[in-house]
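Below is one structure; the comments refer to it alone.
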Amino acid sequence: MNHKTFNCALEVKGVTDEGRFSGYGSVFNNVDLHKDIILPGAFSESLSRHEKAGTMPAMLWQHSMRDVVGLYDKMSEDDHGLMLSGELFINDNIPEADKAYTLMKRKAVRGMSIGFNIPKGGETYNKEDEVWEIKEVDLVEVSIVTYPANPQAQIATVKAALESKTEFERLLRHAGFSRSQAKSLMFGGYDALIEKRQVDDHSELEDFQNLIRAIKPT
Numbered sequence: 003m004n005h006k007t008f009n010c011a012l013e014v015k016g017v018t019d020e021g022r023f024s025g026y027g028s029v030f031n032n033v034d035l036h037k038d039i040i041l042p043g044a045f046s047e048s049l050s051r052h053e054k055a056g057t058m059p060a061m062l063w064q065h066s067m068r069d070v071v072g073l074y075d076k077m078s079e080d081d082h083g084l085m086l087s088g089e090l091f092i093n094d095n096i097p098e099a100d101k102a103y104t105l106m107k108r109k110a111v112r113g114m115s116i117g118f119n120i121p122k123g124g125e126t127y128n129k130e131d132e133v134w135e136i137k138e139v140d141l142v143e144v145s146i147v148t149y150p151a152n153p154q155a156q157i158a159t160v161k162a163a164l165e166s167k168t169e170f171e172r173l174l175r176h177a178g179f180s181r182s183q184a185k186s187l188m189f190g191g192y193d194a195l196i197e198k199r200q201v202d203d204h205s206e207l208e209d210f211q212n213l214i215r216a217i218k219p220t
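See the structure below:
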């Protein structure tokens, strides 16, 4: 079997106070940047096996098997693609789950990606269109990712707001800021963070710029 990933863009409109969200993990008949197309029905056998076993594909952060950030409770095919719903493990001492929550809420993370194996005969090459048509997958996980390769999948519902400065600071900390960096950003903005020389090099600066985009008002 051949392990692959297939990425889809998402538009986050909210995550509930409990960290719940719903949307599409993959869409049908859309070519991603790797020249793959997921065909309708590709998930049906795998979802049936999961149902019989009482399992679900894992909810991961950035395809890291070490970073389980939540649990899916519904997953099914419709005419559009793989529809799913689940809950992030926020406020449970799982930093990556809190990070995913923050970045999804602030629309800094805009991708979902499925991780799967392809059984023998599960894909064919379309020479005319020069794409791989995937008609059956063994679905292993659906990740929240930073960079999408497919512009079609969406997360549909999210409804939490930052209720206080304390909550705001907590979310900054879980997004990767140190305590002093979070306080500088809260009270002085980005300029105060830079002026205090708390960002040391170019790569770290890029990381902070990404995080800052995550907390900009929507």
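Each residue of the sequence shown is one higher than the one before, counting from 3 in the working numbering. Backbone N, C-alpha and C fix where the C-beta goes; we use that ideal spot for every residue, glycine too.
Based on Cα-Cα distance, which residue from the options lies nearest to residue i?
i    : options                  : result
V29  : L62, K129 and S78        : S78
V147 : S50, M61 and G123        : M61
V111 : G43, S145 and D94        : S145
V70  : G123, N31, D100 and Y127 : D100
L105 : G56, L90, N95 and G117   : L90
Y74  : N93, P42, L49 and S66    : L49
G56  : K76, E125 and A44        : K76
M85  : L35, G43 and Q183        : G43
K129 : G88, S24, K37 and E53    : K37
S87  : M58, K109, S182 and R68  : M58
W63  : E125, G113 and G124      : G113
Distance cutoff 7 Å, beta carbons only. Does residue i sit that close to anything in chain D?
i   : result
S48 : Absence of chain D from the displayed structure is noted, only one protein chain being present.
Taking the CB atoms as reference points, tell me whether residue i and residue j lie closer together than 7 Å.
i    : j    : result
V17  : Y103 : yes
I39  : E135 : yes
P121 : E98  : no
Y26  : G83  : yes
F118 : D140 : yes
Alpha helix (DSSP H) containing residue i: first to last residue?
i    : result
L105 : P97 to K107
E47  : S46 to A55
What does residue i pair with, by DSSP beta-bridge criteria?
i    : result
V133 : N128
V70  : L62
E143 : A60 and G117
D38  : W134
S28  : L84
K76  : S87
When we look at the beta-carbon of residue i and count the other beta-carbons within 10 Å, is it buried (16 or more) or exposed?
i    : result
D80  : exposed
G21  : buried
K161 : Confidence is the limiting factor: at K161 the pLDDT is only 35, short of 50, which leaves the residue's position unreliable, though a coordinate-based value still follows. K161 is exposed by the Cβ-count criterion.
S115 : buried
L143 : Note that residue 143 is Glu in the sequence shown, not Leu. Result: buried.
D19  : exposed
R108 : buried
D193 : Residue confidence is low: D193 scores 49 on pLDDT, short of 50, so the model does not pin down where it sits. Its coordinate-derived value is still stated next. D193 comes out exposed.
E53  : exposed
G123 : exposed
Since residue i is in the beta strand (DSSP E), which residue starts that stretch and which ends it?
i    : result
R112 : Per DSSP, R112 belongs to no beta strand (DSSP E) and is neither H nor E.
E20  : No beta strand (DSSP E) holds E20; DSSP gives it neither H nor E.
G88  : G83 to L90
Confirm the yes/no value for this check: CB of residue i, any heavy atom of the ligand SAM, distance under 6 Å.
i   : result
L49 : Among the components modelled here there is no ligand, and therefore nothing to report on the ligand SAM.
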